[in-house]
Amino acid sequence: MTLEIAPLAPGDPPAIAAAFSALGWNKPQSQYERYLAEQAAGTRSVLIARSDGEFAGYVTVAWRSPYPALREAGVPEIQDLNVLPRFRRRGIGTALMDAAEALIGERGDTAGIGVGLYPDYGAAQRLYVLRGYVPDGLGVAWRHRNAAPMDPVIVDDDLVLYFTRRLT
């Protein structure tokens with residue numbers, strides 16, 4: 082397997098959206114066009130993985146996190162790590178994380194990441210802990226706001242636990 086990781090390019094959004102659409106996932110082309118615009122503006126970096134020339138996954142780095150604790154500390158947030166199911170367990174997620182952390186390391190010494198709390202995120206939860214990420218100590222957050230005791234929250238993609246990792 083030949084693995085290539087490169088920045089999102091203008092011709093990529095249709096192919097990425099089609100790959101996820103074929104899985105029944107709601108990841109429209111407009112999302113990747115927005116990512117492309119954010120990348121051009123310097124607010125987000127997007128890395129695409131190709132296995133033997135075929136789209137396999139991607140990850141993004143938000144240089145200004147929407148999560149207040151990371152944003153206020155100036156910690157970029159790794160977001161939206163996705164590897165197509167047929168390419169999983171081949172080291173592609175690890176390679177994307179390595180590349181995202183290397184980008185962050187060019188500007189700072191700490192990376193942040195949020196991970197969902199229901200079973201679909203189990204592999205990501207394990208990956209981040211094995212990479213040395215530790216919880217930020219502020220508990221769970223829903224829609225980028227830390228939940229207080231007795232707060233009603235919805236267990237969805239917006240309910241996350243945030244982690245950080247020193248890169249140096």
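Position in the sequence shown (from 1) plus 81 gives the number in this note's numbering. All C-beta atoms, glycine included, are put in the ideal place defined by N, C-alpha and C. Because the structure is a prediction, the values reported are computed rather than measured.
Sheet register partners of residue i (DSSP bridge)
| i | result |
| --- | --- |
| N163 | Y139 |
| S132 | L84, E135 |
| R244 | Looking at the sequence shown, residue 244 is not Arg but Phe. Paired residue(s): I194, P216. |
| A222 | N227, V241 |
| S126 | V142 |
| E158 | A143, G193 |
Same chain, Cβ closer than 7 Å to residue i, neighbours up to 5 away in sequence not counted
| i | result |
| --- | --- |
| Y214 | I194, F244, T245, R246 |
| A205 | L162, V196 |
| K108 | A98, F101 |
| I173 | L84, A130, S132, A137, G138, V164 |
| A180 | I86, L128 |
Neighbourhood of residue i by C-beta distance below 8 Å, restricted to the same chain and skipping five residues each side
| i | result |
| --- | --- |
| A100 | F136, L165 |
| A222 | Y148, G195, A228, L240, V241, L242, Y243 |
| V236 | L198, Y199 |
| L219 | A150, N227, Y243 |
| A96 | F136 |
Same chain only: Cβ atoms within 6 Å of residue i, ignoring 5 sequence neighbours per side
| i | result |
| --- | --- |
| V234 | W223, A228, L240 |
| Q160 | T141, A143 |
| E182 | A192, L248 |
| G186 | L248 |
| A121 | none |
| V210 | none |
Distance CB(residue i)-CB(residue j) smaller than 9 Å
| i | j | result |
| --- | --- | --- |
| L177 | G134 | no |
| S126 | L84 | no |
| A87 | I129 | yes |
| Q110 | P91 | no |
| L89 | L117 | yes |
| R171 | M82 | yes |
Nearest to residue i (by Cα), restricted to the options the options
| i | options | result |
| --- | --- | --- |
| L198 | D190, P216, T175, R188 | P216 |
| R188 | R207, P157, I173, R167 | P157 |
| Y202 | R169, D238, D232 | D238 |
| D175 | D190, G155, R207, R145 | Checking the sequence, you will find Thr at residue 175 rather than Asp. Checking every option, the nearest Cα to that of T175 belongs to R207. |
| D190 | H225, A154, A121, R169 | A154 |
| L184 | T124, G105, A103 | T124 |
| R167 | A121, E119, A96, L104 | L104 |
| S146 | P230, H225, R115, A180 | H225 |
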